[in-house]
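Presented below is the structure to which this report refers.
Numbering (the working numbering), first residue to last: 557 to 973.
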């Protein structure tokens, strides 16, 4: 990554661009693409909103739904051991195109991942966006080296943020098309997903799904963060998380450019008191307890939508937003056990329904042994009786023997025979 782009090793993202003149100049050059983005979104978004109620849910395989993001250079042996312990069948790994010399190290790590399905998120820099011949050469090397190991390649990330090296959808389309041309000409067996738009900025997503560029996606990726809104159930411009997922699914369904798959490849909440490791300001940060509750509820809502094929918890080891704090050794946060219990409980589960009444959420699933599972949480605290036919557990898997169950921010698992 070359100046004026600088990588922030604390929060695992580029620093914001400080050169305002450079940003203005680059945006002027891409003015035509920005106009197209506005025009496409003005047509696509209203149509998608109208058609959203008509898009049917799919049957989502719970085994493939849960994915954990990892850094292959950060405590690799401990990472591999924890990935096995957590039980998720999918692993997402990020790879920086400006660090091609680390490709052998990445391959070695992936080969030790014990049969997990790997999503490789390929991170771009400005040099590879501008020099498409360099991009083609390096992507060909990546595909040749890892094509038999990786389940799907996410091409590019966070394409609607200038600090990530892209200034328009047209630039991203040219970037993605290099990967697509390699797939069609030399690597027909690989699976490519895009476009990696971050946050609820679907005007960019609409342009990546509806344009005249000759390429197709094998699935659509989204970095659907909601952390700036607080709890995952909170609204943004009248849209809940479930509404955002439904609208995005409708665009994928309508697009002639993509297989009908949606993969949320990043989401998290920043954790209070972890600066400079937190990726946002302290204002957006939450306690470790809320982090665990919010992330669990996000996963439960996304699973209940039956429209998200996989969801990646970003990520395993990260001081500012991960399951494990590595500032002083490796300390597993409360969320670690919460994630582990969620995956173990919902593997092979069949979704039945989600009921929401006055903020009280009840997710119902059928387990393999024909046992009914209810997961309760409420935005307003309430109490229900712990019936004799209930086996009740906290979000981290501890049995609850109390006569009454306190339903609140932390989901409770109730097994009913």
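The beta-carbon is built from N, C-alpha and C at its ideal position, and this holds for glycine as well.
Check: By Cβ distance below 7 Å, which residues in the same chain neighbour residue 568 in space, the five residues on each side in sequence not counted?; Outcome: 874
Check: Which ranges would you report for the alpha helix (DSSP H) in the segment 701-767 if only whole runs of at least 4 residues count?; Outcome: 725-741, 758-765
Check: Near residue 846, which residues of its chain fall below 8 Å by C-beta distance, leaving aside the five closest residues on each side in sequence?; Outcome: 825, 965
Check: If you measure between the beta carbons of residue 616 and residue 808, is that distance less than 8 Å?; Outcome: no
Check: I'd like to know if the segment 622-635 and the segment 867-884 are in contact, where contact means that at least 3 CB-CB pairs between them fall below 8 Å.; Outcome: yes
Check: Mind pulling the beta strand (DSSP E) runs of 3 or more residues that sit fully within the segment 639-688?; Outcome: 646-652, 673-679
Check: According to the Cβ coordinates, are residue 716 and residue 757 closer than 8 Å?; Outcome: yes
Check: Judging by CA-CA distance, which residue of 791, 812, 613, 816 is the nearest neighbour of residue 775?; Outcome: 816
Check: If you compare alpha carbons, which of 940, 876, 611, 636 is closest to residue 649?; Outcome: 636
Check: For residue 969, list the residues DSSP reports as bridge partners.; Outcome: 931, 949
Check: Alpha helix (DSSP H) containing residue 911: first to last residue?; Outcome: Unbroken run through residue 911 is the beta strand (DSSP E), 906-913; no alpha helix (DSSP H).
Check: Express the C-alpha separation of residue 853 and residue 791 in angstroms, rounding to a whole number.; Outcome: 15 Å
Check: Between the beta-carbon of residue 778 and the beta-carbon of residue 711, is there less than 8 Å?; Outcome: no
Check: Since residue 777 sits in a beta bridge, which residues does DSSP pair it with?; Outcome: 751, 819
Check: Along the alpha helix (DSSP H) that carries residue 625, what are the first and last residues, could you check?; Outcome: That residue, residue 625, is in no alpha helix (DSSP H); its beta strand (DSSP E) goes 622-626.
Check: Name the residue from 641, 944, 909, 721 whose alpha carbon lies nearest to the alpha carbon of residue 931.; Outcome: 909
Check: Is the beta carbon of residue 684 less than 8 Å from the beta carbon of residue 691?; Outcome: yes
Check: How would you write the range of the alpha helix (DSSP H) that residue 974 sits in, first residue to last?; Outcome: This structure cannot settle anything about residue 974, because the visible part of the chain is limited to 557 through 973.
Check: For the alpha helix (DSSP H) that contains residue 869, what are its first and last residues?; Outcome: Run containing residue 869: none in the alpha helix (DSSP H); it sits in the beta strand (DSSP E), 866-869.
Check: Taking its Cβ as the centre, do 16 or more other Cβ atoms sit within 10 Å of residue 883, making it buried, or is it exposed?; Outcome: exposed
Check: Reducing DSSP to helix, strand and coil, say where residue 606 ends up.; Outcome: helix
Check: Report buried or exposed for residue 606, applying the criterion of at least 16 other Cβ atoms within 10 angstroms of its Cβ.; Outcome: exposed
Check: Could you please give the first and the last residue of the uninterrupted beta strand (DSSP E) stretch that includes residue 939?; Outcome: 938-941
Check: Using the three-state DSSP reduction, which class does residue 801 fall into: helix, strand or coil?; Outcome: helix
Check: Less than 8 Å between the CB atoms is what I'm expecting for residue 561 and residue 682, so what's the real figure, rounded?; Outcome: 6 Å
Check: Quick check on the burial criterion: 16 or more other C-beta atoms within 10 angstroms. Buried or exposed for residue 725?; Outcome: buried
Check: Name the one or two DSSP bridge partners that residue 814 has.; Outcome: 773
Check: Helix, strand or coil for residue 872, going by three-state DSSP, please let me know.; Outcome: coil
Check: Answer with yes or no whether the minimum CB distance from residue 860 to chain C is below 8 Å.; Outcome: This model lacks chain C altogether; it includes just one protein chain.
Check: Go ahead and pull the three-state DSSP assignment for residue 594.; Outcome: helix
Check: If we ignore side chains and look at the alpha-carbon of each, how far apart do residue 653 and residue 860 end up?; Outcome: 35 Å
Check: Mind checking whether residue 764 and residue 728 have CB atoms under 8 Å apart?; Outcome: yes
Check: According to DSSP, simplified to helix, strand and coil, what is residue 922?; Outcome: strand
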